[in-house]
Amino acid sequence: MLQTLNLLNWDEPVSQETQQFALTALESGEVMYLPELSFRLFPQEKVFLSHHYASPKTKNVSFDWNHSMLQGAVCTKTESIQLTQMLNRYATYTKQLLTNLFPLYQDEVEQGRTSFRPVEIMGRVSPSYRKDDTRLHVDAFPSTPTQGKRILRVFTNVNPAHPRVWRIGAPFNKVIEYFYPKLRAPVVGAATMLNALKITKQKRTPYDHYMLQLHNAMKADMEYQEQVPQTQQLFQPGSSWIVYTDQVSHAAMAGQFTFEQTFYVPPHALDEIEKSPCKILEKFLRKPLL
(Lines of atoms letter the chains of each structure in order from A and count residues from 1; the text may use other names and numbers.)
(Lines give C-alpha, C1' and ligand atoms only; values in the text may rest on other atoms or scores of the structure.)
Protein backbone atom coordinates (compact mmCIF):
# COMPACT_ATOMS: atom_id res chain seq x y z
CA MET A 1 0.00 0.00 0.00
CA LEU A 2 3.05 2.28 0.23
CA GLN A 3 5.67 3.11 -2.39
CA THR A 4 8.68 5.29 -1.61
CA LEU A 5 10.08 7.92 -3.94
CA ASN A 6 13.23 9.83 -3.03
CA LEU A 7 12.74 13.40 -4.24
CA LEU A 8 14.53 16.27 -2.52
CA ASN A 9 12.97 19.27 -4.28
CA TRP A 10 9.47 20.19 -5.42
CA ASP A 11 10.66 21.09 -8.93
CA GLU A 12 13.08 18.18 -9.28
CA PRO A 13 13.14 16.67 -12.81
CA VAL A 14 11.79 13.11 -12.94
CA SER A 15 12.62 10.39 -15.47
CA GLN A 16 9.88 8.85 -17.64
CA GLU A 17 10.46 5.54 -15.88
CA THR A 18 9.84 7.14 -12.48
CA GLN A 19 6.81 9.00 -13.81
CA GLN A 20 5.21 5.76 -15.01
CA PHE A 21 6.09 3.96 -11.79
CA ALA A 22 4.48 6.69 -9.69
CA LEU A 23 1.40 6.95 -11.93
CA THR A 24 0.76 3.21 -11.93
CA ALA A 25 1.20 2.98 -8.17
CA LEU A 26 -1.04 5.96 -7.50
CA GLU A 27 -3.90 4.79 -9.73
CA SER A 28 -3.60 1.28 -8.26
CA GLY A 29 -4.43 2.61 -4.82
CA GLU A 30 -0.93 2.97 -3.40
CA VAL A 31 0.32 5.83 -1.26
CA MET A 32 3.35 7.56 -2.76
CA TYR A 33 5.66 8.42 0.15
CA LEU A 34 8.36 11.07 -0.31
CA PRO A 35 10.38 10.88 2.93
CA GLU A 36 12.85 13.64 2.02
CA LEU A 37 10.46 16.15 0.43
CA SER A 38 9.89 18.85 3.03
CA PHE A 39 8.16 22.22 3.04
CA ARG A 40 10.41 24.70 4.81
CA LEU A 41 8.78 27.50 6.73
CA PHE A 42 10.35 30.95 6.74
CA PRO A 43 11.53 32.08 10.21
CA GLN A 44 8.59 34.50 10.54
CA GLU A 45 6.13 31.70 9.66
CA LYS A 46 7.15 29.37 12.48
CA VAL A 47 4.89 31.32 14.81
CA PHE A 48 1.98 29.58 13.04
CA LEU A 49 3.03 26.25 14.54
CA SER A 50 0.33 26.75 17.15
CA HIS A 51 -3.26 25.53 17.38
CA HIS A 52 -4.34 29.04 18.37
CA TYR A 53 -4.41 30.17 14.72
CA ALA A 54 -7.22 27.78 13.75
CA SER A 55 -10.87 28.29 14.60
CA PRO A 56 -12.06 25.82 17.27
CA LYS A 57 -14.97 25.03 14.94
CA THR A 58 -13.05 24.21 11.75
CA LYS A 59 -9.70 23.04 13.22
CA ASN A 60 -8.10 23.91 9.84
CA VAL A 61 -6.91 27.04 8.05
CA SER A 62 -7.67 26.91 4.34
CA PHE A 63 -7.52 29.09 1.27
CA ASP A 64 -10.21 28.88 -1.40
CA TRP A 65 -8.56 29.91 -4.66
CA ASN A 66 -11.85 30.17 -6.54
CA HIS A 67 -13.07 32.90 -4.21
CA SER A 68 -9.68 34.25 -2.97
CA MET A 69 -10.81 33.62 0.59
CA LEU A 70 -8.86 32.59 3.70
CA GLN A 71 -11.07 30.52 5.98
CA GLY A 72 -10.82 29.09 9.48
CA ALA A 73 -8.05 31.41 10.67
CA VAL A 74 -8.03 33.28 13.98
CA CYS A 75 -5.50 36.03 13.40
CA THR A 76 -4.75 39.68 12.70
CA LYS A 77 -4.90 41.23 9.23
CA THR A 78 -1.11 41.10 8.94
CA GLU A 79 -1.07 37.44 9.99
CA SER A 80 -3.84 36.74 7.49
CA ILE A 81 -1.60 38.05 4.70
CA GLN A 82 1.31 35.92 5.94
CA LEU A 83 -0.86 32.79 6.17
CA THR A 84 -2.16 33.38 2.65
CA GLN A 85 1.39 33.78 1.31
CA MET A 86 2.47 30.58 3.07
CA LEU A 87 -0.47 28.61 1.67
CA ASN A 88 0.10 30.08 -1.79
CA ARG A 89 3.71 28.91 -1.70
CA TYR A 90 2.65 25.40 -0.76
CA ALA A 91 0.02 25.40 -3.52
CA THR A 92 2.64 26.47 -6.06
CA TYR A 93 5.11 23.80 -4.93
CA THR A 94 2.56 20.99 -5.06
CA LYS A 95 1.34 22.01 -8.51
CA GLN A 96 4.94 21.92 -9.73
CA LEU A 97 5.39 18.49 -8.18
CA LEU A 98 2.33 17.13 -9.99
CA THR A 99 3.45 18.68 -13.28
CA ASN A 100 6.83 16.94 -13.05
CA LEU A 101 5.64 13.64 -11.61
CA PHE A 102 2.34 13.18 -13.48
CA PRO A 103 2.62 15.00 -16.83
CA LEU A 104 -0.39 13.03 -18.08
CA TYR A 105 -2.56 15.11 -15.71
CA GLN A 106 -0.89 18.44 -16.43
CA ASP A 107 -3.54 20.02 -18.66
CA GLU A 108 -6.52 18.43 -16.90
CA VAL A 109 -5.97 18.75 -13.16
CA GLU A 110 -8.04 21.28 -11.21
CA GLN A 111 -6.48 22.79 -8.09
CA GLY A 112 -8.77 22.77 -5.05
CA ARG A 113 -8.36 24.21 -1.59
CA THR A 114 -5.05 24.45 0.21
CA SER A 115 -5.13 23.78 3.93
CA PHE A 116 -2.94 23.92 7.02
CA ARG A 117 -3.91 21.67 9.91
CA PRO A 118 -2.42 23.02 13.15
CA VAL A 119 -4.64 21.14 15.62
CA GLU A 120 -3.67 17.79 17.14
CA ILE A 121 -5.86 14.95 15.88
CA MET A 122 -5.49 12.64 18.87
CA GLY A 123 -8.14 13.34 21.48
CA ARG A 124 -10.24 15.50 19.19
CA VAL A 125 -14.00 15.12 19.73
CA SER A 126 -16.08 15.14 16.54
CA PRO A 127 -19.71 16.34 16.54
CA SER A 128 -20.74 13.35 14.41
CA TYR A 129 -19.26 10.00 13.45
CA ARG A 130 -19.48 11.20 9.85
CA LYS A 131 -16.91 13.89 10.63
CA ASP A 132 -14.63 11.60 12.64
CA ASP A 133 -11.57 11.16 10.46
CA THR A 134 -9.96 8.78 12.96
CA ARG A 135 -12.29 6.16 11.46
CA LEU A 136 -11.31 4.40 8.25
CA HIS A 137 -13.02 5.95 5.25
CA VAL A 138 -12.68 7.00 1.64
CA ASP A 139 -13.27 10.66 0.87
CA ALA A 140 -16.61 11.98 -0.38
CA PHE A 141 -17.92 15.49 0.22
CA PRO A 142 -21.59 16.02 1.19
CA SER A 143 -21.86 19.59 -0.10
CA THR A 144 -19.29 19.45 -2.89
CA PRO A 145 -20.01 16.58 -5.30
CA THR A 146 -17.07 15.82 -7.60
CA GLN A 147 -19.31 14.51 -10.41
CA GLY A 148 -16.79 11.79 -11.12
CA LYS A 149 -13.58 13.75 -10.69
CA ARG A 150 -10.95 11.94 -8.62
CA ILE A 151 -9.77 13.41 -5.30
CA LEU A 152 -5.98 13.57 -5.36
CA ARG A 153 -4.22 15.00 -2.31
CA VAL A 154 -0.68 15.98 -1.40
CA PHE A 155 0.26 16.14 2.29
CA THR A 156 3.37 17.42 4.07
CA ASN A 157 4.19 17.01 7.75
CA VAL A 158 5.90 20.18 9.04
CA ASN A 159 5.81 19.12 12.69
CA PRO A 160 9.39 19.54 13.94
CA ALA A 161 9.32 16.46 16.17
CA HIS A 162 6.34 14.14 15.71
CA PRO A 163 5.00 11.98 12.86
CA ARG A 164 1.57 12.09 11.28
CA VAL A 165 -0.02 8.73 12.07
CA TRP A 166 -2.47 7.08 9.69
CA ARG A 167 -4.20 3.74 9.50
CA ILE A 168 -4.49 2.36 5.96
CA GLY A 169 -7.20 -0.20 5.32
CA ALA A 170 -8.23 -2.70 2.68
CA PRO A 171 -7.99 -2.13 -1.10
CA PHE A 172 -11.00 -0.38 -2.63
CA ASN A 173 -12.40 -3.48 -4.33
CA LYS A 174 -12.42 -5.28 -0.96
CA VAL A 175 -14.14 -2.31 0.68
CA ILE A 176 -16.85 -2.36 -1.99
CA GLU A 177 -17.20 -6.13 -1.78
CA TYR A 178 -18.04 -5.74 1.91
CA PHE A 179 -20.28 -2.67 1.75
CA TYR A 180 -22.06 -2.71 -1.61
CA PRO A 181 -24.99 -4.89 -0.41
CA LYS A 182 -25.75 -2.14 2.13
CA LEU A 183 -25.76 0.71 -0.41
CA ARG A 184 -29.14 2.02 -1.51
CA ALA A 185 -30.08 3.68 -4.80
CA PRO A 186 -30.67 7.45 -4.76
CA VAL A 187 -34.22 8.73 -4.36
CA VAL A 188 -35.54 10.08 -7.66
CA GLY A 189 -35.32 13.87 -7.70
CA ALA A 190 -33.27 14.13 -4.50
CA ALA A 191 -30.11 15.38 -6.22
CA THR A 192 -32.06 18.10 -8.05
CA MET A 193 -33.76 19.21 -4.85
CA LEU A 194 -30.53 19.34 -2.83
CA ASN A 195 -28.92 21.46 -5.51
CA ALA A 196 -31.94 23.78 -5.79
CA LEU A 197 -31.88 24.32 -2.03
CA LYS A 198 -28.12 25.02 -2.27
CA ILE A 199 -27.35 22.18 0.11
CA THR A 200 -24.95 20.96 -2.56
CA LYS A 201 -22.82 23.29 -4.68
CA GLN A 202 -23.60 21.28 -7.78
CA LYS A 203 -25.85 18.35 -8.59
CA ARG A 204 -24.90 14.96 -7.21
CA THR A 205 -24.43 12.20 -9.75
CA PRO A 206 -25.29 8.59 -8.83
CA TYR A 207 -21.54 8.16 -8.32
CA ASP A 208 -21.48 10.95 -5.72
CA HIS A 209 -24.50 9.41 -4.00
CA TYR A 210 -22.91 5.99 -3.64
CA MET A 211 -19.51 7.33 -2.60
CA LEU A 212 -21.08 9.42 0.16
CA GLN A 213 -23.09 6.40 1.32
CA LEU A 214 -19.90 4.36 1.36
CA HIS A 215 -18.04 7.05 3.33
CA ASN A 216 -20.78 7.14 5.96
CA ALA A 217 -21.28 3.36 6.10
CA MET A 218 -17.57 2.77 6.69
CA LYS A 219 -17.44 5.25 9.55
CA ALA A 220 -20.63 3.90 11.13
CA ASP A 221 -19.51 0.26 11.20
CA MET A 222 -17.33 -0.12 14.30
CA GLU A 223 -17.01 -3.88 13.87
CA TYR A 224 -15.55 -3.26 10.42
CA GLN A 225 -13.25 -0.57 11.81
CA GLU A 226 -11.79 -2.99 14.33
CA GLN A 227 -11.60 -6.18 12.28
CA VAL A 228 -10.66 -5.16 8.74
CA PRO A 229 -6.99 -5.81 7.86
CA GLN A 230 -5.10 -2.55 8.28
CA THR A 231 -1.63 -1.15 8.80
CA GLN A 232 -0.32 1.81 10.75
CA GLN A 233 1.78 4.26 8.77
CA LEU A 234 3.97 6.96 10.30
CA PHE A 235 4.70 9.95 8.07
CA GLN A 236 7.81 11.41 9.62
CA PRO A 237 8.59 15.11 10.16
CA GLY A 238 9.75 16.71 6.93
CA SER A 239 8.08 14.13 4.69
CA SER A 240 5.33 14.35 2.07
CA TRP A 241 2.90 11.85 0.56
CA ILE A 242 0.49 11.70 -2.37
CA VAL A 243 -2.70 9.67 -2.40
CA TYR A 244 -6.07 9.29 -4.08
CA THR A 245 -8.13 9.66 -0.91
CA ASP A 246 -11.33 8.61 -2.70
CA GLN A 247 -9.72 5.21 -3.29
CA VAL A 248 -7.38 4.54 -0.37
CA SER A 249 -9.13 3.62 2.87
CA HIS A 250 -7.47 5.80 5.50
CA ALA A 251 -7.83 7.23 9.00
CA ALA A 252 -5.78 9.99 10.63
CA MET A 253 -4.97 8.94 14.20
CA ALA A 254 -2.43 11.46 15.47
CA GLY A 255 -0.40 14.44 14.37
CA GLN A 256 -0.30 18.21 14.25
CA PHE A 257 0.96 20.79 11.74
CA THR A 258 0.29 19.30 8.31
CA PHE A 259 -0.21 21.00 4.96
CA GLU A 260 -2.62 19.55 2.40
CA GLN A 261 -3.39 20.40 -1.20
CA THR A 262 -6.41 18.95 -2.99
CA PHE A 263 -6.51 18.37 -6.74
CA TYR A 264 -9.37 17.09 -8.88
CA VAL A 265 -8.58 14.80 -11.81
CA PRO A 266 -11.29 14.12 -14.43
CA PRO A 267 -11.82 10.44 -15.32
CA HIS A 268 -10.73 10.87 -18.95
CA ALA A 269 -7.29 12.02 -17.78
CA LEU A 270 -6.55 8.76 -15.97
CA ASP A 271 -4.06 6.30 -17.38
CA GLU A 272 -5.99 3.24 -16.16
CA ILE A 273 -9.61 4.27 -15.69
CA GLU A 274 -10.71 0.69 -14.95
CA LYS A 275 -8.92 0.95 -11.60
CA SER A 276 -10.91 4.03 -10.57
CA PRO A 277 -13.55 3.86 -7.80
CA CYS A 278 -16.31 4.68 -10.29
CA LYS A 279 -15.51 1.74 -12.56
CA ILE A 280 -15.16 -0.65 -9.61
CA LEU A 281 -18.49 0.53 -8.21
CA GLU A 282 -20.14 0.14 -11.61
CA LYS A 283 -18.99 -3.47 -11.84
CA PHE A 284 -20.52 -4.34 -8.47
CA LEU A 285 -23.72 -2.35 -8.98
CA ARG A 286 -24.03 -3.36 -12.66
CA LYS A 287 -25.05 0.06 -13.89
CA PRO A 288 -23.38 3.29 -15.09
CA LEU A 289 -22.94 5.99 -12.46
CA LEU A 290 -21.87 8.95 -14.61
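Numbering (the numbering used here), first residue to last: 4 to 293.
We put the beta carbon where it would ideally sit given N, CA and C, even for glycine.
Thinking residue i and residue j are a contact (beta carbons under 8 Å), I'd like their distance in whole angstroms, please.
| i | j | result |
| --- | --- | --- |
| T208 | L273 | That pair is no contact at about 17 Å. |
| W169 | Q114 | Actually they are not in contact, since the Cβ atoms of W169 and Q114 sit about 23 Å apart, beyond 8 Å. |
| M89 | A257 | M89 to A257, Cβ: 23 Å. No contact. |
| H212 | P232 | Not quite, the Cβ-Cβ distance comes to about 28 Å (not below 8 Å), so this is no contact. |
| M214 | P280 | 7 Å |
| V112 | F238 | That pair is no contact at about 23 Å. |
Whole angstroms are fine: how far does the CA of residue j sit from the CA of residue i?
| i | j | result |
| --- | --- | --- |
| H54 | L44 | 16 Å |
| T261 | R167 | 8 Å |
| D135 | A199 | 28 Å |
| C78 | Y93 | 19 Å |
| F51 | A194 | 40 Å |
| T271 | L86 | A quick correction: the sequence has His, not Thr, at residue 271. If I take the Cα positions, the gap works out to 35 Å. |
| G172 | H165 | 22 Å |
| Q236 | V122 | 19 Å |
| L288 | R187 | 10 Å |
| Q109 | T117 | 18 Å |
| Y210 | Y96 | 31 Å |
| R127 | F24 | 37 Å |
| Q22 | P16 | 10 Å |
| F175 | Q230 | 16 Å |
| K185 | K282 | 18 Å |
| A220 | Q47 | 43 Å |
| M4 | N91 | 30 Å |
| S18 | L26 | 12 Å |
| H218 | K60 | 22 Å |
| T7 | W13 | 15 Å |
| H70 | G192 | 29 Å |
| D224 | T81 | 45 Å |
| M72 | S58 | 15 Å |
| T137 | K222 | 9 Å |
| K290 | K98 | 35 Å |
| T234 | K49 | 32 Å |
| L197 | E275 | 32 Å |
Going by DSSP, what residues sit across from residue i in a beta bridge?
| i | result |
| --- | --- |
| P67 | First, the amino acid is wrong: residue 67 is Asp here, not Pro. For D67, which the question treats as bridged, DSSP gives the partners M72. |
| F168 | It should be noted that the sequence gives Val, not Phe, for residue 168. In DSSP, V168 forms a bridge with L237 and A257. |
| H140 | H253 |
| A28 | Looking at the DSSP assignment, A28 forms no beta bridge with any residue, so it has no partner. |
| W244 | Y36 and F158 |
| R3 | Past the boundaries of the shown model lies residue 3; the chain is included only from 4 to 293, so the question cannot be answered. |
| L5 | V34 |
| A57 | A76 |
| Q114 | F266 |
| F119 | V64 and F262 |
Quick check on residue i - is its C-beta less than 7 Å from some C-beta in chain C?
| i | result |
| --- | --- |
| L26 | Absent here is chain C; the protein component of the structure consists of one chain. |
With a Cβ-Cβ cutoff of 7 Å, do residue i and residue j count as a contact?
| i | j | result |
| --- | --- | --- |
| V3 | L155 | Because residue 3 is not part of the residues shown, which for the chain are 4 to 293, the question remains open. |
| V157 | Q264 | yes |
| L29 | L10 | no |
| R133 | N63 | no |
| N162 | Q259 | yes |
| S83 | G75 | no |
| K278 | S31 | yes |
| Y247 | R153 | yes |
Assess contact between the stretch 141–154 and the stretch 249–261, defined as three or more Cβ pairs (one per stretch) separated by less than 8 Å. Is contact present? Yes, the stretch 141–154 is in contact with the stretch 249–261.
Decide if the stretch 100–107 is in contact with the stretch 179–187; the criterion is three or more beta carbon pairs, one per stretch, under 8 Å apart. Cβ pair count under 8 Å is below three, so no.
Can you confirm whether the stretch 29–37 touches the stretch 233–246 when touching is taken to mean that 3 or more C-beta pairs between the two stretches lie within less than 8 Å? Contact annotation: the stretch 233–246 touches the stretch 29–37, with at least three C-beta pairs closer than 8 Å.
Taking three-plus beta-carbon pairs below 8 Å as touching, is the stretch 146–155 in contact with the stretch 188–206? Because the criterion of three Cβ pairs below 8 Å is met, the stretch 146–155 and the stretch 188–206 touch.
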